[in-house]
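Novice: This is the structure I want to talk about, given as structure tokens.
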Amino acid sequence: MALRIWASSTANALRLSSATRLHFSPLSRCFSSGNLHSYPSNSPSLCSFLKFRRQNRNLTYALVSIAVLDGLKYANSHEWVKHEGSVATIGITDHAQDHLGEVVFVELPDIGGSVTKANGFGAVESVKATSDVNSPISGEIVEVNTNLKETPGLINSSPYEAGWMIKVKPSNPSELEALMGPKEYTKFCEEEDGAH
Amino acid sequence: MATRQVARAGPPLMNIVKMKGVPILQQLEVEECLLRTSSENWCIINDGTDKPNIVMGISGKPAELVEIRPVLEDKIPVIRRFTGGGTVIVDHGTIFVSFICNKDDVADVQPYPRPIMSWSSLLYSQVFQGIADFRLRENDYVFGHRKFGGNAQSITKNRWIHHTSFLWDYEARNMSYLKLPKRAPEYRLARDHLDFICPMKDYLSRSDFITRTIDAAESHFSVESTEFEAVKPPSNMKFTPTSRLLTNQELEAAGNTSI
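In order, the protein sequences belong to chains A and B. For the first sequence, the working numbering assigns the number 196 to the last residue and increments by one with no breaks. For the second sequence, the working numbering assigns the number 455 to the last residue and increments by one with no breaks.
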């Protein structure tokens, strides 16, 4: 029951539509380098994990939930891909937006251009930094999210839905198979955070 | 410019490039080229730039940040740089220090803005130890509650740059070219420029600051000096920097929209 309430609040926080499912199962917990991580012990696909984020110099920590969605594929540079028919939608993950901080500007490519797997197609600005955004797959850009020009914060508030960045017609759909699934990506994030 | 770093025992290599009076646009072009095409670590130190320039971050809008009419009348160049962050006016009194690093050579620092910013503050804490009440405050370097250094970064998949413009000295009249920004740190408390910033010259000499910065870098890296001429991109290099000078037409258009 507590997990369902938490799932509901996470979905609401990320402005996820009712069509997006979050799966939960009994979680096991462990402490790792000062972080509290939760991960499913026997779920086929993880959808969220908890971590502590240090709030300030006084070592106050806040418990935050980081969402990883089922049905998406993930790159090790923290972008996600949703392949539907002939089009793939790309954005950055909840883990990435949480680490980047408030996004104040988004640089997007032009429609008709091309993207190449693992190469940059745009950038986001947050906390005085520009950070490259890389495409998980190759293809032709068929649409860009123009809403991000006026409301770049959609990347923070809705990284998997309203905060999508580009839509691409994949030129090599097999590239999707090399990407991580949600469980693998969750483990990747936990290991990356745990190493620091 | 891409070269392979020789595997070695001990701390990673950092190439120190010391320059004086290099135009800020040229410095930015060299930095972006090194970030994107080199595989080595670099510390670029430019002791003053040749003439006053306004330098905005990647998303800077001149209408919001710059007093357009006086800038056009006095022919002050306005640059939009490749990194994020705010707007500064730089001149011969500004000392620039930039760190360009492979993320794996600073492995205990996650390649995101806040961890890199924290790492930089630890390095500069060493620089100013025993000299001033230095701290990182909302991403600015301050003595007490006055800013003396502005920071900006650019982060790629495997590398990042953290660069700083230090106000060793400045001309008060130049600050009048800058508007009060809409996005400002809370600690600024709506102070105008001259009440918000302070010169580093009140605390240490230029040469002492540069020496202490290199000493601090040596505690993290194995440093070697490199001449500026060796890092300038060759003319046949296929790299187009994104930092650029805004045209008069762009500034005039911005001036018309801000009326």
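Even glycine gets a Cβ: it sits at the ideal position worked out from N, Cα and C.
1) Taking only runs of the alpha helix (DSSP H) that begin and end inside the region 279-352 of chain B, which ones reach a length of at least 4 residues, in chain order?
2) Using a Cβ cut-off of 8 angstroms (strictly closer), state whether asparagine 35 of chain A contacts chain B.
3) Skipping 5 residues on each side, what residues in its chain have a beta carbon closer than 6 angstroms to that of alanine 450 of chain B?
4) Run through the region 117-150 of chain A for me and flag every whole alpha helix (DSSP H) of 4 or more residues, listed as ranges in chain order.
5) Could you tell me which chain A residues have their CB closer than 8 angstroms to the CB of alanine 348 of chain B, listed as they occur along the chain?
6) From proline 429 of chain B to tryptophan 238 of chain B, what does the alpha carbon distance come to, in whole angstroms?
7) Check this for me: beta carbons of isoleucine 312 of chain B and glutamine 349 of chain B, under 8 angstroms apart or not?
8) Does DSSP put threonine 186 of chain A in a helix, in a strand, or in coil?
9) If the cut is a Cβ gap below 7 angstroms, which residues of chain A does proline 309 of chain B touch?
10) If we cut at 8 angstroms on Cβ distances, does serine 255 of chain B have a partner in chain E?
11) Measuring straight from C-alpha to C-alpha, what distance separates alanine 178 of chain A and asparagine 354 of chain B?
12) Which residues, taken in chain order from the region 320-346 of chain B, show a beta carbon closer than 7 angstroms to some beta carbon of chain A?
13) When the Cβ atoms of the region 140-148 of chain A are set against those of the region 175-189 of chain A, are three or more pairs found closer than 8 angstroms?
14) What three-state label does DSSP hand tyrosine 383 of chain B in the structure shown?
15) Determine, for glutamate 446 of chain B, whether the minimum Cβ-Cβ distance to residues of chain A falls below 8 angstroms.
16) Quick one: is arginine 57 of chain A buried, meaning 16 or more other Cβ sit within 10 Å of its Cβ, or exposed?
17) For aspartate 110 of chain A, decide whether its Cβ has a neighbour in chain B, counting only Cβ atoms nearer than 8 angstroms.
18) Got a sec: is the Cβ-Cβ distance from valine 87 of chain A to anything in chain B below 8 angstroms?
19) Going by Cα to Cα distance, which pick from B:Asp404, B:Thr360, B:Ile393, B:Thr352 is closest to threonine 233 of chain B?
20) Have a look at asparagine 172 of chain A and asparagine 347 of chain B and give me their C-alpha separation to the nearest angstrom.
21) Leaving aside the five residues before and after asparagine 119 of chain A along the sequence, list all residues of the same chain whose C-beta is less than 8 angstroms from its C-beta, in chain order.
22) For leucine 221 of chain B versus serine 439 of chain B, is the C-beta distance shorter than 8 angstroms?
23) Our contact map puts glutamate 79 of chain A next to glycine 91 of chain A with C-beta atoms below 8 angstroms; I'd like the distance itself, whole angstroms only.
24) Can you pull the chain B neighbours of phenylalanine 105 of chain A, defined as C-beta to C-beta under 9 angstroms?
Specialist: Here's the rundown:
1) 309-323
2) Because the pLDDT of asparagine 35 of chain A is 30, which lies under 50, any placement of that residue in the model is unreliable, and the question is left without a value.
3) Pro258, Ala259, Ile264
4) 147-150
5) Against alanine 348 of chain B, the close residues of chain A are Lys128, Ala129, in the order they occur along the chain (beta-carbon pairs closer than 8 angstroms).
6) Rounded to whole angstroms, the separation of the alpha carbons of tryptophan 238 of chain B and proline 429 of chain B is 14 angstroms.
7) Taking 8 angstroms as the cut-off, the Cβ atoms of isoleucine 312 of chain B and glutamine 349 of chain B count as close.
8) helix
9) Leu100, Gly101, Ser126, Val127, Lys128, Ala129
10) Protein chains A and B are contained in the structure displayed, whereas chain E is not.
11) 20 angstroms
12) Result list: Asn335.
13) no
14) helix
15) no
16) Below a pLDDT of 50, predicted positions are generally treated as unreliable, and arginine 57 of chain A, at 48, falls in that range; the measurement from the model is reported next regardless. Classification of arginine 57 of chain A: exposed, given that the 10 Å Cβ count is below 16.
17) Interface annotation, aspartate 110 of chain A: not in contact with chain B, CB-CB separation never under 8 angstroms.
18) no
19) B:Thr352
20) 40 angstroms
21) Asn134, Ser135
22) yes
23) 7 angstroms
24) Gly253, Ile254, Ser255, Gly280
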